[in-house]
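Numbering (this note's numbering), first residue to last: 11 to 415.
Written as structure tokens, this is what we have:
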């Protein structure tokens, strides 16, 4: 093989489908319907199939959701909802991670900041670069299946492969390995590594009164609580799924009682974050079966909260501290985003993002067969002993990005 161009994909699909220990339900069910319609009609999956009726996602049990969506049972759906451990031989047989470094030919990766495979594609990139393999990536302001990424991915793939075939040095091979679109700045940047060298970690701590600050919370009791009801799960407003979405506005979360949020003051200067994002939460609950969802947003002067990044974890019973709390680290979608002066950072915390992820019914029953539902009270702790925080990778003050090369 002389070269490869891989657009919005990854080596191990199980990581994306069972993201965070749950099920990427919106993506999984819509993809299943698309494949089912393609197989039964004999048409291309890119031009056939209808989106799943939104009401279908409320169907229980999850194991028969394929029948509810299109009147048939599909074997892969049954495997996805019944085989919950990626160490299962069924999942291991579909893990092609070994091929990431086995492919020695020059390789171009195309990704999008809101693509469901992004973090895993960046992991594949890092493995190849560390192995000294010729690899380039472009990450643009795209969603999975959106026209922007589709057309640009095809254009770059043709340019890349044509250049290799004709020994033409033009195209991606003459630039740095990473070409990233910085959202908010609307600029392309090039870098040699992921995360980019020179970035540092900035922490924003959760405080009482919904504040998000650089200093740690003081001693004493500080907490914010909400009640999660699986019969009325917190909705997914935006995020990496299989279909393009119309709005990145997360402001509707401000009016829900099952969401708590924490916001900084107005920024006195631009803040540019490029790299990983994560959230540490200290929580105490009255139920050992629950989920945590977090979303980072940029708030403008009108109060509109625009989606930047998010993360999700399904929590199983485990050891607790003496006060009944536990610490949970939630990896979020990597990003490249400029928060402009006079903007704010806001972090939302909830226990569902439905139907993007299958809701946690709170009973510990198997996902495929569970139907009973239990509410869960979640207390987010934020004091000196429980430093809940948001962690971002940012460029230093006064940083000036290098030109594309």
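Glycine is no exception: its CB is placed at the ideal position from the N, C-alpha and C atoms.
Unbroken alpha helix (DSSP H) run spanning residue i, endpoints
| i | result |
| --- | --- |
| residue 47 | 35-51 |
| residue 136 | 128-140 |
| residue 27 | 23-27 |
| residue 89 | 85-92 |
| residue 102 | 99-102 |
| residue 111 | 109-112 |
| residue 80 | 75-80 |
DSSP three-state assignment for residue i, whether helix, strand or coil
| i | result |
| --- | --- |
| residue 14 | strand |
| residue 169 | helix |
| residue 371 | coil |
| residue 273 | strand |
| residue 70 | coil |
| residue 327 | coil |
| residue 158 | helix |
| residue 413 | Annotation note: pLDDT 48 at residue 413 (below 50); position unreliable, coordinate value reported separately. Coil at residue 413, not helix or strand. |
| residue 164 | helix |
| residue 10 | The shown model of the chain, from 11 to 415, leaves out residue 10, and the question about it has no answer. |
| residue 61 | coil |
| residue 19 | coil |
| residue 380 | coil |
| residue 31 | helix |
| residue 365 | coil |
| residue 105 | strand |
Beta-bridge partners of residue i, as assigned by DSSP
| i | result |
| --- | --- |
| residue 354 | 309 |
| residue 342 | 287, 321 |
| residue 117 | 14, 145 |
| residue 300 | 325 |
| residue 295 | 388 |
| residue 396 | 393 |
| residue 264 | None, per the DSSP bridge assignment. |
| residue 349 | 281 |
| residue 333 | Paired residues: none, contrary to the question. |
Residue i - containing beta strand (DSSP E), residue span
| i | result |
| --- | --- |
| residue 361 | Element bounds for residue 361: n/a, residue is neither H nor E. |
| residue 404 | 399-404 |
| residue 314 | Counting along the chain, residue 314 falls outside any beta strand (DSSP E), and DSSP gives it neither H nor E. |
| residue 5 | Past the boundaries of the shown model lies residue 5; the chain is included only from 11 to 415, so the question cannot be answered. |
Test: residue i CB closer than 8 angstroms to a CB of chain C
| i | result |
| --- | --- |
| residue 352 | Of the chains in the structure shown, none is chain C; there is only one protein chain. |
- Counting pairs of Cβ atoms below 8 angstroms between the stretch 396-407 and the stretch 91-107, do you hit three or more? no
- Task: Give a yes or no on contact between the stretch 379-392 and the stretch 314-327, applying the rule of three or more CB pairs nearer than 8 angstroms.
- Result: no
- Task: Note down, one range per segment and in chain order, each beta strand (DSSP E) of at least 3 residues found wholly within the stretch 179-259.
- Result: 188-192, 197-201, 210-216, 233-238
- the stretch 27-37 contacting the stretch 363-378, beta-carbon criterion three pairs below 8 angstroms: yes
- Message: Taking 8 angstroms as the cut-off, does the stretch 324-336 touch the stretch 115-125 (at least 3 CB pairs, one atom from each stretch)?
- Response: no
- Query: Okay, do the stretch 294-311 and the stretch 336-344 touch, 3+ Cβ pairs below 8 angstroms being the bar?
  - Reply: yes
- Task: Indicate whether the contact test is met: 3 or more Cβ pairs, each with one atom in the stretch 271-289 and one in the stretch 391-402, closer than 8 angstroms.
- Result: yes
- Item | Sufficient close CB pairs (3 or more, under 8 angstroms) joining the stretch 15-30 to the stretch 164-171 | yes
- Task: Determine contact between the stretch 266-286 and the stretch 201-220, defined as no fewer than three beta-carbon pairs at a distance below 8 angstroms.
- Result: Three or more beta-carbon pairs drawn from the stretch 266-286 and the stretch 201-220 are found closer than 8 angstroms, and the two stretches are therefore classed as touching.
- Item | Three CB pairs or more closer than 8 angstroms across the stretch 211-230 and the stretch 265-272 | yes
- Should the stretch 86-93 be called in touch with the stretch 134-146, which here means at least 3 C-beta pairs below 8 angstroms? no
- Query: Is there contact here, the stretch 346-358 with the stretch 292-301, by at least three beta-carbon pairs under 8 angstroms?
  - Reply: no
- Counting pairs of Cβ atoms below 8 angstroms between the stretch 148-155 and the stretch 124-132, do you hit three or more? yes
- Does the stretch 39-52 come close enough to the stretch 144-151 to have 3 or more Cβ pairs within less than 8 angstroms? no
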